[in-house]
Amino acid sequence: MIRIDSVTKRYPDGTVAVDRLSLEIPDRSITVLVGPSGCGKTTTLRMINRMVEPTEGRILLDGEDVQRRPVTALRRGMGYVIQNAGLFQHRTIADNIATVPRMLGWGKQRARERAAELMERVGLDASLAKRYPYQLSGGQQQRVGVARALAADPPVLLMDEPFSAVDPVVRKGLQDELLRIQDELGKTIVFVTHDIDEAIKLGTMVAVLREGGRLAQYAPPAELLSDPADAFVEDFLGADRGIRRLSFFASDALELTTDPVVPADAPAERLTAAGAPYLLVTDADGRPLGWRERGSTGGTERLLPYGRPFRPGTDSLRAALDCAVLSPTGWAVAVDADGRVTGVVSQQTIGEAIRSAHTAAGAHSAPARGEDEKVAG
Amino acid sequence: MNVLSFVQAFFSDSAHWQGYDGIPSRLLEHVQYSLLALAIAAAIGLPVGLLTGHTGRGGNAIAVVANAARALPSFGLLVLAVLLIGFGLLPVMIPLVVLAVPPVLVTTYEAVRAVDPAPVDAARGMGMRESRVLFRVEVPVALPLILSGLRTAALQIVSTATIAAYVSLGGLGRYIIDGLYQRNYEKVVGGATLVAVLSLITLALFWGVGRLVVSPGVRRR
Numbered sequence: 274m275i276r277i278d279s280v281t282k283r284y285p286d287g288t289v290a291v292d293r294l295s296l297e298i299p300d301r302s303i304t305v306l307v308g309p310s311g312c313g314k315t316t317t318l319r320m321i322n323r324m325v326e327p328t329e330g331r332i333l334l335d336g337e338d339v340q341r342r343p344v345t346a347l348r349r350g351m352g353y354v355i356q357n358a359g360l361f362q363h364r365t366i367a368d369n370i371a372t373v374p375r376m377l378g379w380g381k382q383r384a385r386e387r388a389a390e391l392m393e394r395v396g397l398d399a400s401l402a403k404r405y406p407y408q409l410s411g412g413q414q415q416r417v418g419v420a421r422a423l424a425a426d427p428p429v430l431l432m433d434e435p436f437s438a439v440d441p442v443v444r445k446g447l448q449d450e451l452l453r454i455q456d457e458l459g460k461t462i463v464f465v466t467h468d469i470d471e472a473i474k475l476g477t478m479v480a481v482l483r484e485g486g487r488l489a490q491y492a493p494p495a496e497l498l499s500d501p502a503d504a505f506v507e508d509f510l511g512a513d514r515g516i517r518r519l520s521f522f523a524s525d526a527l528e529l530t531t532d533p534v535v536p537a538d539a540p541a542e543r544l545t546a547a548g549a550p551y552l553l554v555t556d557a558d559g560r561p562l563g564w565r566e567r568g569s570t571g572g573t574e575r576l577l578p579y580g581r582p583f584r585p586g587t588d589s590l591r592a593a594l595d596c597a598v599l600s601p602t603g604w605a606v607a608v609d610a611d612g613r614v615t616g617v618v619s620q621q622t623i624g625e626a627i628r629s630a631h632t633a634a635g636a637h638s639a640p641a642r643g644e645d646e647k648v649a650g
Numbered sequence: 117m118n119v120l121s122f123v124q125a126f127f128s129d130s131a132h133w134q135g136y137d138g139i140p141s142r143l144l145e146h147v148q149y150s151l152l153a154l155a156i157a158a159a160i161g162l163p164v165g166l167l168t169g170h171t172g173r174g175g176n177a178i179a180v181v182a183n184a185a186r187a188l189p190s191f192g193l194l195v196l197a198v199l200l201i202g203f204g205l206l207p208v209m210i211p212l213v214v215l216a217v218p219p220v221l222v223t224t225y226e227a228v229r230a231v232d233p234a235p236v237d238a239a240r241g242m243g244m245r246e247s248r249v250l251f252r253v254e255v256p257v258a259l260p261l262i263l264s265g266l267r268t269a270a271l272q273i274v275s276t277a278t279i280a281a282y283v284s285l286g287g288l289g290r291y292i293i294d295g296l297y298q299r300n301y302e303k304v305v306g307g308a309t310l311v312a313v314l315s316l317i318t319l320a321l322f323w324g325v326g327r328l329v330v331s332p333g334v335r336r337r
């Protein structure tokens with residue numbers, strides 16, 4: 274475990290970058306440091322691998338002060354990923370990834386095999402091994418940066434705004450990839466970002482820092498959204514935190530109904546007889562085609578749109594609500610992995626589910642919050 | 117007679133191809149002076165340029181020293197050196213080295229300073245020692261510029277090494293100075309042509325070295 278123990282960083286000109294910060298960073302999880310620019314998040318990260326030395330306080334790695342470890346050995350035991358990847362442009366991709374293993378004295382062959390293994394793990398094609406960084410896209414370069422940090426299998430990974438310089442689509446891919454890799458490897462990751470959405474998506478724990486390097490709140494993301502500590506955190510989280518919080522509630526408890534679901538080739542009386550005001554028409558495979566208003570006739574081209582269907586179990590209540598809001602009928606369509614309709618659910622039912630989820634979460638999170646306050650204070 | 121016929125006459129005279137005043141031995145002398153001067157200039161300029169470039173300290177001092185050195189006239193320096201030291205190789209080396217150090221020093225400093233800070237930060241964060249950061253991360257990327265500084269220095273040395281003949285040493289300057297003295301313009305033009313050809317060969321050599329030692333990832337092709 275990494276313990277940041279009332280650490281202060283004051284520069285000779287008097288600027289305080291980090292002010293008496295204390296954090297306990299749990300093992301095998303992603304801890305995100307987030308805040309506006311000038312909040313000391315990068316300085317905090319760089320004090321962990323001693324790229325910056327604290328003015329006061331200590332940082333403990335598994336109980337031992339990092340100051341007492343030789344700086345090169347300390348850094349070789351921590352993967353380090355930075356914005357724009359910082360690849361060595363004179364080395365091939367494979368050689369870039371093999372940097373730390375080679376420094377640790379691994380043989381050429383073993384280092385090369387390790388590089389190939391990591392390229393596969395971060396989703397890079399093996400044919401890129403002999404390429405040079407300038408031949409890769411920004412997203413690919415960042416994957417190489419992650420692979421290079423993982424090369425010597427360090428228990429700790431420090432990531433400083435690693436995905437900030439790529440476009441939103443690529444960023445989402447990299448975030449998903451990081452979560453998948455973390456599922457497989459279980460590293461202790463400290464991740465710095467200025468993007469609160471990224472923090473909420475990736476973090477097991479999120480530390481919100483404010484200007485002057487002071488801790489505003491340290492909590493799991495769901496709690497951050499439900500109980501921001503003060504106006505600063507609330508403001509930093511943005512306007513629609515109620516909606517975003519729904520991402521943390523599963524949709525599998527929603528009661529689905531199949532009553533209004535009819536295949537397009539059903540007999541005419543079924544198309545008009547059902548009780549619901551709208552009918553969901555499906556094709557022969559059970560995939561949704563659109564909603565038909567009761568009593569209306571005509572071909573499938575006259576159907577109302579059904580929005581973006583959600584998958585119970587995989588998607589959250591947020592996706593279900595979004596689907597219901599997108600359709601003019603106010604109903605959400607649930608599908609299975611193959612896109613076949615498993616049922617539909619109304620806004621009212623989703624609203625009830627949200628209310629009961631809130632009740633459950635409130636009862637559940639109260640004691641946990643008390644503990645976190647102790648840690649943060 | 118025009119220049120081309122001078123050139124033709126000079127190179128077709130078999131007397132110019134043998135003996136201690138023949139083209140091969142004068143060319144060899146010239147190359148020797150040039151290589152020695154370049155080696156001394158590199159031995160001074162490269163380490164100082166690498167160190168100041170890596171630490172980022174001393175940039176102003178470098179600019180001052182380099183500008184002062186550039187302002188010194190080579191010929192005046194040669195005469196002064198001979199007056200102080202007497203005849204020999206050393207007084208010739210002084211103006212050549214003074215001429216060659218600034219381009220080596222300044223370009224090396226600028227080349228290392230211009231390296232993208234991100235990979236340098238990444239290298240430190242991985243636990244590379246400073247010497248390794250310099251030689252494994254900064255120098256390979258700075259190499260094209262460093263070589264261009266050496267090339268500029270080499271070209272200046274090759275053309276200026278002709279002044280060695282003024283103080284009774286050899287080299288291609290012999291033809292130019294003796295030719296002027298003897299009013300033998302065929303010799304003057306021949307000597308000048310040889311200096312020009314040697315400069316072009318120097319350029320070609322640096323191009324070849326660049327192809328060999330600069331990574332394709334830095335050359336970007």
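For the protein sequence lines, the chains are A and B, in the order given.
Every position in the first sequence, counted from 1, becomes a number in my numbering once 273 is added.
Every position in the second sequence, counted from 1, becomes a number in my numbering once 116 is added.
Think of the CB as a built atom: it goes at the ideal place given N, C-alpha and C, for glycine as much as any other residue.
Exposure of residue i, with buried meaning 16 or more beta-carbon neighbours within 10 Å
i, result
"Tyr-284 of chain A", "exposed"
"Phe-361 of chain A", "buried"
"Ala-270 of chain B", "buried"
"Asn-369 of chain A", "buried"
"Leu-194 of chain B", "buried"
"Phe-436 of chain A", "buried"
"Lys-403 of chain A", "exposed"
"Arg-186 of chain B", "exposed"
"Met-274 of chain A", "exposed"
"Asn-183 of chain B", "exposed"
"Arg-383 of chain A", "exposed"
"Gln-134 of chain B", "exposed"
"Ser-73 of chain B", "In the structure as shown, chain B begins at 117 and stops at 337. Residue 73 of chain B is therefore absent and cannot be evaluated."
Interface residues of chain A facing residue i [CB-CB closer than 7 Å]
i, result
"Asp-137 of chain B", "Result: empty, since nearest Cβ-Cβ is about 47 Å, beyond 7 Å."
"Arg-240 of chain B", "Met-324"
"Arg-336 of chain B", "Tyr-407"
Closer than 7 Å at the beta carbon, the chain B residues around residue i
i, result
"Leu-360 of chain A", "Pro-235"
Cβ shell of residue i (< 7 Å), same chain only, five flanking positions each side left out
i, result
"Asp-292 of chain A", "Thr-281, Gly-485, Gly-486 and Arg-487"
"Phe-203 of chain B", "Val-283 and Ser-284"
"Gly-396 of chain A", "Arg-416 and Glu-450"
"Thr-318 of chain B", "Ala-270, Leu-271 and Val-274"
"Asp-525 of chain A", "Pro-585 and Gly-586"
"Phe-505 of chain A", "Arg-483 and Ala-489"
"Pro-427 of chain A", "Gly-350, Met-351 and Gly-352"
"Leu-475 of chain A", "Ile-303, Val-305, Gln-448, Leu-451, Leu-452 and Phe-464"
"Ala-502 of chain A", "Ala-489 and Gln-490"
Residues near residue i by beta carbon distance below 6 Å, same chain, minus five either side
i, result
"Pro-260 of chain B", "Val-330"
"Met-683 of chain A", "Here chain A covers residues 274 to 650 and nothing more, so residue 683 of chain A does not appear."
"Tyr-225 of chain B", "Gly-165, Thr-168, Gly-169 and Ile-178"
"Leu-552 of chain A", "Pro-533, Val-535 and Arg-565"
"Leu-401 of chain A", "Ile-366"
"Gly-326 of chain B", "Leu-263"
"Gln-356 of chain A", "Glu-434, Ser-437 and Ala-438"
Cβ shell of residue i (< 8 Å), same chain only, five flanking positions each side left out
i, result
"Gly-580 of chain A", "Asp-595, Cys-596, Ala-597, Val-598, Leu-599, Ser-600, Ala-605 and Val-606"
"Arg-387 of chain A", "Ile-370, Ala-371, Pro-374, Trp-379 and Ala-424"
"Pro-578 of chain A", "Gly-563, Trp-564, Leu-599, Ser-600 and Pro-601"
Interface partners of residue i on chain B, CB under 8 Å
i, result
"Thr-345 of chain A", "Gly-243, Met-244 and Arg-245"
"Ile-355 of chain A", "Ala-234, Asp-237, Ala-238 and Gly-241"
"Val-373 of chain A", "Met-242 and Gly-243"
"Arg-348 of chain A", "Arg-240, Gly-241, Met-242 and Gly-243"
Residues that residue i contacts on chain B, provided the C-beta gap is smaller than 9 Å
i, result
"Ile-321 of chain A", "Correct list: empty, because the minimum Cβ distance to chain B is about 10 Å."
Got a sec: which bits of the stretch 433-453 of chain A sit with their beta carbon under 7 Å from any beta carbon on chain B, in order along the chain?
Result list empty, no residue passes.
Residue ranges of each alpha helix (DSSP H) within the stretch 488-528 of chain A, 4 or longer:
Here the runs fully enclosed are 494-499, 504-510 and 514-518.
Please list the residues of the stretch 382-410 of chain A that have a C-beta atom closer than 7 Å to any C-beta atom in chain B, keeping them in chain order.
Taking 7 Å as the Cβ-Cβ cut-off against chain B, the residues of the stretch 382-410 of chain A that qualify are Tyr-405, Pro-406 and Tyr-407.
What residue ranges within the stretch 424-478 of chain A form continuous alpha helix (DSSP H) runs of no fewer than 4 residues, ordered along the chain?
Taking only runs of at least 4 residues, the alpha helix (DSSP H) segments lying wholly in the stretch 424-478 of chain A are 441-458 and 469-475.
Under 7 Å, CB to CB, which of the residues in the stretch 247-266 of chain B have a partner in chain A?
So the close ones are Val-253, Pro-256 and Val-257.
Can you list, in chain order, the residues of the stretch 320-333 of chain B whose Cβ is nearer than 9 Å to any Cβ on chain A?
Against chain A - using a Cβ distance shorter than 9 Å - the residues of the stretch 320-333 of chain B are Val-330, Ser-331, Pro-332 and Gly-333.
Can you give me, in chain order, the residues of the stretch 461-473 of chain A that have a beta carbon less than 9 Å from any beta carbon in chain B?
Going along the stretch 461-473 of chain A in chain order, one finds no residue with a Cβ nearer than 9 Å to chain B.
For the stretch 578-638 of chain A, list the alpha helix (DSSP H) runs that are entirely contained and at least 4 residues long, ordered along the chain.
As far as the stretch 578-638 of chain A is concerned, its whole alpha helix (DSSP H) runs of at least 4 residues are 590-599.
Run through the stretch 330-387 of chain A for me and flag every whole alpha helix (DSSP H) of 4 or more residues, listed as ranges in chain order.
Taking only runs of at least 4 residues, the alpha helix (DSSP H) segments lying wholly in the stretch 330-387 of chain A are 344-349, 366-370 and 372-376.
With a floor of 4 residues, list each alpha helix (DSSP H) that falls wholly inside the stretch 187-218 of chain B, ordered by position along the chain.
List check, alpha helix (DSSP H) in window: 190-201.
Got a sec: which bits of the stretch 274-295 of chain A sit with their beta carbon under 9 Å from any beta carbon on chain B, in order along the chain?
Taking 9 Å as the Cβ-Cβ cut-off, the stretch 274-295 of chain A has no residue approaching chain B.
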